[in-house]
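There are 2 protein chains.
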Amino acid sequence: MKSVLGLDVGGTTIKGGVLDPVSGEILARGARPYDQDVPAAEIHARAAELAVELEEKARTEVHRAIGVGCAGLFDRQTGEVLASANMQNLVGTSLSGGISAASKGRRVTIENDANTAAFGEQWFGAGRDEPDLVLVTLGTGVGGGIVIGDQLFLGPTGAAGEIGHIAIHPRPGKSEYDAPYDADLECSCGSYGCLERLVSATAVSRRARSRGLTDDLPELADRARRGSGPEAAFLHQVGRDLGAGLATLVTLFDVDFFAIGGGFGAAVDLLEKGALEVLEERRYGTRPARIAPATLGPDAGWIGAARLTLEG
Amino acid sequence: MKSVLGLDVGGTTIKGGVLDPVSGEILARGARPYDQDVPAAEIHARAAELAVELEEKARTEVHRAIGVGCAGLFDRQTGEVLASANMQNLVGTSLSGGISAASKGRRVTIENDANTAAFGEQWFGAGRDEPDLVLVTLGTGVGGGIVIGDQLFLGPTGAAGEIGHIAIHPRPGKSEYDAPYDADLECSCGSYGCLERLVSATAVSRRARSRGLTDDLPELADRARRGSGPEAAFLHQVGRDLGAGLATLVTLFDVDFFAIGGGFGAAVDLLEKGALEVLEERRYGTRPARIAPATLGPDAGWIGAARLTLEG
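Spelled out as structure tokens, the structure:
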């Protein structure tokens, strides 16, 4: 079986690699930095160059199609980037069309990078024996993707699975059950009380500071691992908050396996107990939920993108 | 094209009908009451008798397969009822196998009745022009089903879409953002703060009483329609609470159309504004959400069940 090639177009770098789709062995890996100010055509050309370089490195027969993960919203028919926080010059252009044109008409399939990361983790990462997986990445924000029955769940227009924006706390209104308004829970998405406002690396630093704890997350985690002090109690609560989001995913998607990634995902050992506690309280399904660390790190996005070339 | 036959096995009655799958015209309709104490074989026999009666009434050629909606959890491979609140005698037996045996080996497909109701509403009800729909039924509890791209969304084991148990309020823990504990929010599912605890007919009666308003829901709705008094303000808040649940569905499923059914669904005109307000605040997708009353009433379940016979 031919090897497969995937790219992950990030805000400052295009990463990519070539993979054996049977064994999961990584045969080549590479990256091209680019300046955010360069025009779209330049990004397309860099991506096409990287693809050629990776194929040469891999020294095997590589499937001609290219899978691309990219942050942002797309039109799945045309490949047009509709919105992207970090890659303004790509908005309004077809990323798949551009890379295809720059690489002599090779077929290019694009997908959101959070989705390709989930697809990668379910293929050869934390979920390699799991047909169903939700990847939750705890970074600056909270992202992720949903795989059910070995397929990405995209919803009608591909905008499904915005895990970071599951509401954990409702915006206070005139309900007799509301907590007081708290400005910390206002979310950058325009909403309030999103999972991202509670368990992203950014949110956890902020919450730690407000409790008089260190906002250096590796240090916070180390202290929690060493004892049962306020750091451990705080991260247990963060785990419970994460569990509230996961519980909603169980209730609605009937999934039972969660991979936790992103920078703050390194603290999953400290979050797991609290999260499972809430999942046990709230769980509606019949299968016990399980939580594991994501294992592919920065390769997850391009590996899942490469998997896209096997479809359609 | 042959007509299709569906049954809806409820706690005290089997309802059913025959439908033209092209026009949606109802060609026959009928029901058989049964006593909850009768053995499973008796229920299977009543269902098979009703199917024959409906075919005779319909006076057209009817597809031999039978679609069955039923409350409870099933094993989709064997048709075995794993759990059911109202039909204890069916638990541990194969409902599809039993009805099939009682009807000379006709193919029988079963599905959860909330799912078949959603499938019915999307076929010939509120969502007949919508490929994607979530049905939310406001009754004793809150139920519903999710249809995406003209297909039921069932999840890996068929237990997906437990809309009534989306968490709106988290169980108070040691989070700095929690509201105080409120026993009203304890849910019969063992969880806390579920949508069902806020917007089911039962919950709205309870909440109305605690505000000194009438707990007679038609009367409460009439008063709200006549003026802008406390009844209207209260139902606006109930609409906001409903909207919080719908917003989570938009965030995770990227759906944009909601049909509201069930007894208290008759007040959807009073809930819509509050619900849309929250959807507008929280919405993460690109399409504006819409809310409409379910239109098939008690026929939705068997109509959706009949639709199952066209598949597989």
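Going down the list, the protein sequences come from chains A and B.
With the working numbering applied, the first sequence has no gaps in its numbers, which climb one by one up to 301 at the end.
With the working numbering applied, the second sequence has no gaps in its numbers, which climb one by one up to 301 at the end.
Glycine included, every Cβ here is placed at the ideal spot set by N, Cα and C.
Q. Just to confirm, are residue 297(B) and residue 56(B) a CB contact at a threshold of 8 Å?
A. If you check the CB distance, residue 297(B) and residue 56(B) come in under 8 Å.
Q) Any heavy atom of the ligand HEM closer than 7 Å to the CB of residue 190(B)? A) Annotation note on the ligand HEM: not contained in the displayed structure, which lists no ligands.
Q. When DSSP labels each residue in this structure, what does residue 58(A) get in the three-state scheme?
A. strand
Q) Looking at chain A, which residues of the stretch 142 to 165 of chain B have a Cβ within less than 8 Å of any of its Cβ atoms? A) Taking 8 Å as the Cβ-Cβ cut-off, the stretch 142 to 165 of chain B approaches chain A at 143, 144, 145, 146, 147, 148, 149, 150, 151, 152, 154, 155, 156, 157, 158, 159, 160, 162, 163, 164, 165, given in chain order.
Q.
Run through chain B and tell me which residues come within less than 7 Å of residue 110(A), C-beta to C-beta.
A. Within 7 Å Cβ-Cβ: nothing; residue 110(A) doesn't reach chain B, min ~17 Å.
**Q.** Residue ranges of each alpha helix (DSSP H) within the stretch 169 to 221 of chain A, 4 or longer
**A.** 185 to 188, 190 to 199, 206 to 215
Q: Give the secondary structure of residue 233(B) by DSSP, where H, G and I count as helix, E and B as strand, and everything else as coil.
A: helix
Q: Please say whether residue 58(B) and residue -3(B) have beta carbons closer to each other than 8 Å?
A: yes
Q | Beta-carbon spacing of residue 253(A), residue 127(A) below 8 Å | A | yes
Q: For chain B, find out if any of its Cβ atoms is closer than 8 Å to the Cβ of residue 59(A); answer yes or no.
A: Residue 59(A) does not count as touching chain B.
Q) CA-CA distance, residue 82(B) and residue 60(B)? A) 14 Å
Q) Using a C-beta to C-beta distance shorter than 9 Å, which residues of chain A count as neighbours of residue 180(B)? A) 236, 240, 270, 271, 272, 273
Q.
Just verifying my parser: in three-state terms, what is the DSSP assignment at residue 296(A)?
A. helix
Q. Using Cβ-Cβ distances below 9 Å, what residues of the stretch 127 to 143 of chain A are close to chain B?
A. Of all residues in the stretch 127 to 143 of chain A, 135, 137, 138, 142, 143 have a Cβ within less than 9 Å of some Cβ in chain B.
Q) Of all the options 43(A), 30(A), 192(A), which has the alpha carbon lying nearest to the alpha carbon of residue 291(A)? A) 43(A)
Q. Do you know how far the Cα of residue -5(B) is from the Cα of residue 106(B)?
A. Going from the Cα of residue 106(B) to the Cα of residue -5(B) covers about 11 Å.
Q | Residue from 111(A), 118(A), 27(A), 117(A) whose Cα sits closest to the Cα of residue 124(A) | A | 111(A)
(Q) So with CB distances below 8 Å, who are the chain A contacts of residue 219(B)? (A) Correct list: empty, because the minimum Cβ distance to chain A is about 11 Å.
Q | alpha helix (DSSP H) segment containing residue 31(B), residue limits | A | 29 to 47
Q) Does residue 285(A) come within less than 8 Å of chain B when only Cβ atoms are used? A) no
Q: State yes or no: is the C-beta of residue 362(A) within less than 8 Å of the C-beta of residue 219(A)?
A: Residue 362(A) is absent from the structure shown; chain A starts at -10 and stops at 301.
Q) Name the chain A residues that come within less than 7 Å of residue 226(B), Cβ to Cβ? A) 162, 163, 164
(Q) Between the alpha carbons of residue 62(B) and residue 32(B), how many angstroms are there, rounded? (A) 17 Å
Q.
Considering just the uninterrupted stretch of the beta strand (DSSP E) at residue 246(B), what are its terminal residues?
A. 246 to 250
Q: Would you please verify whether the beta carbon of residue 243(B) is less than 8 Å from any beta carbon of chain A?
A: yes
Q) Would you call residue -10(B) buried or exposed, if buried means 16 or more other Cβ atoms sit within 10 Å of its Cβ? A) Under this definition residue -10(B) is an exposed residue.
Q) Roughly how far, in whole angstroms, is the beta-carbon of residue 131(B) from the beta-carbon of residue 153(B), given that I think they are within contact range, below 8 Å? A) 3 Å
Q) Does the beta carbon of residue 209(A) sit closer than 8 Å to a beta carbon anywhere in chain E? A) Among the protein chains of the structure shown, namely A and B, there is no chain E.
Q) Which residues bound the beta strand (DSSP E) around residue 100(A)? A) Here the beta strand (DSSP E) through residue 100(A) covers 97 to 101.
Q | Cα-Cα separation between residue 177(A) and residue 108(A), rounded to whole angstroms | A | 26 Å
Q: Please go through the same chain and pick out, in chain order, the residues whose beta-carbon is closer than 8 Å to the beta-carbon of residue 148(A), but skip the five residues on each side of it.
A: 62
Q. Do you know how far the Cα of residue 164(A) is from the Cα of residue 270(B)?
A. 16 Å
**Q.** Where the beta strand (DSSP E) through residue 265(B) begins and ends
**A.** Careful: residue 265(B) lies outside any beta strand (DSSP E), inside the alpha helix (DSSP H) at 257 to 271.
Q: Determine the extent of the alpha helix (DSSP H) in which residue 278(A) is found, giving its start and end residues.
A: Counting along the chain, residue 278(A) sits inside no alpha helix (DSSP H), nor does DSSP assign it H or E at all.
Q) If we count Cβ pairs, one from each stretch, closer than 8 Å, do we get three or more for the stretch -1 to 7 of chain B versus the stretch 16 to 23 of chain B? A) yes
Q. Between the stretch 134 to 143 of chain B and the stretch 158 to 175 of chain B, are three or more C-beta pairs nearer than 8 Å?
A. Output reads no: the stretch 158 to 175 of chain B does not touch the stretch 134 to 143 of chain B.
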